[in-house]
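This report concerns only the one structure given below.
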Amino acid sequence: MNLQPLDENTASDRAAQTLAQVRKKFGFVPNLLGVMAHAPASLESYLELAGKFDSTSFDATQRQVVLLAVSSQNHCDYCVAAHSTFARQLRIDPAIVTAIYENKPIADDKLQALRRFAQQVAESAGRPTPDEIEAFIDAGYTQAQVLEVVLGVAFKTLSNYTNHIADTVIDPAFKPAMQTA
Numbered sequence: 641m642n643l644q645p646l647d648e649n650t651a652s653d654r655a656a657q658t659l660a661q662v663r664k665k666f667g668f669v670p671n672l673l674g675v676m677a678h679a680p681a682s683l684e685s686y687l688e689l690a691g692k693f694d695s696t697s698f699d700a701t702q703r704q705v706v707l708l709a710v711s712s713q714n715h716c717d718y719c720v721a722a723h724s725t726f727a728r729q730l731r732i733d734p735a736i737v738t739a740i741y742e743n744k745p746i747a748d749d750k751l752q753a754l755r756r757f758a759q760q761v762a763e764s765a766g767r768p769t770p771d772e773i774e775a776f777i778d779a780g781y782t783q784a785q786v787l788e789v790v791l792g793v794a795f796k797t798l799s800n801y802t803n804h805i806a807d808t809v810i811d812p813a814f815k816p817a818m819q820t821a
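Counting from 1, position 129 in the sequence shown corresponds to residue 769 in our numbering; the numbering is continuous, with no gaps.
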């Protein structure tokens with residue numbers, strides 16, 4: 641199914657208000673959010689999850705590792721491009737992004753443990769083994785962070801699946817990241 645992104649002029653009143661806020665914050669409406677505007681509850685939920693994930697105990701680099709790892713695991717080119725762009729804007733070491741993109745280990749062992757656990761949660765549909773959970777905690781993470789990874793997986797699964805179903809076109813702002821990741 642090819643869903644065309646909506647904007648403030650074509651979306652319902654409810655979604656148009658949200659899209660106007662997005663444009664004000666980012667300077668444009670990413671195609672993913674324009675697609676989600678077809679279902680305002682989906683758009684609102686996605687943005688709410690984004691805010692909640694930003695409020696976890698993970699720092700910006702750790703959050704991007706989770707989001708890139710899940711998007712890569714789920715084969716979502718749109719989200720890999722978007723989060724590669726965000727990682728660059730946040731000045732995250734490009735070697736981290738490249739490692740995830742190329743499915744190679746991250747040099748930092750703790751970040752690699754986070755990446756692997758996020759992928760294990762996504763890959764197992766939320767059923768990581770006790771050994772996988774223990775390895776994550778042994779790497780220096782907490783039980784609360786196990787659940788924060790689940791939040792990140794849920795957040796990205798919503799966008800990854802939306803992009804797969806809608807065949808969302810990657811925004812021009814995100815395309816350079818596809819060439820450097």
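The C-beta atom is built at its ideal place from N, Cα and C for all residues, glycine as well.
Since the model is a prediction, treat every value here as computed from it, not as a measurement.
### Separation of L646 from R767, as counted between CA atoms
Position 127 of the sequence shown, counted from the start, is the residue given in the question as residue 767. Position 6 of the sequence shown, counted from the start, is the residue given in the question as residue 646. So the alpha carbons of these two residues sit roughly 36 Å apart.
#### Entry: N671, enclosing alpha helix (DSSP H) - first and last residue
Stepping through the sequence shown from its first residue, residue 671 is reached at position 31. From DSSP, the alpha helix (DSSP H) with N671 extends over 671-676.
### Query
So P734 is in the alpha helix (DSSP H); what residue range does that whole segment cover?
Counting from 1 along the sequence shown, the entry for residue 734 is found at position 94. Run containing P734: 734-741, per the alpha helix (DSSP H) assignment.
### Contact under 9 Å by Cβ, T802 with S712
Here residue 802 is taken as the residue at index 162 of the sequence shown, counted from 1. Here residue 712 is taken as the residue at index 72 of the sequence shown, counted from 1. No, Cβ-Cβ distance for T802 and S712 is not below 9 Å.
### Query
Roughly how many angstroms separate the alpha carbons of R791 and A651, rounded to a whole number?
In the sequence shown, the residue the question calls residue 791 occupies position 151. In the sequence shown, the residue the question calls residue 651 occupies position 11. The question names Arg, but residue 791 is Leu in the sequence shown. One C-alpha to the other measures close to 28 Å.
### Query
Which first and last residues belong to the alpha helix (DSSP H) in which S711 is found?
Along the sequence shown, read from residue 1 onward, the residue named residue 711 stands at position 71. Element bounds for S711: 700-713.
### Query
With distances taken from CA atoms, which of R703, A655, A806, A762 is nearest V737?
As a position in the sequence shown, residue 737 is number 97, starting the count at 1. It is R703 whose Cα lies nearest to the Cα of V737.
### Query
Which class does I810 belong to by DSSP, given the choice of helix, strand or coil?
Locating residue 810 in the sequence shown gives position 170, counting from the first residue. Coil, per DSSP.
### Task
Please specify which runs of the alpha helix (DSSP H), each continuous and at least 4 residues long, are wholly inside the stretch 722-794, giving them in chain order.
734-741, 749-763, 770-778
### Task
Would you kindly check if the distance between the Cβ of I810 and the Cβ of D717 is under 9 Å?
Position 77 of the sequence shown, counted from the first residue, corresponds to residue 717. Position 170 of the sequence shown, counted from the first residue, corresponds to residue 810. Cβ atoms of D717 and I810: closer than 9 Å.
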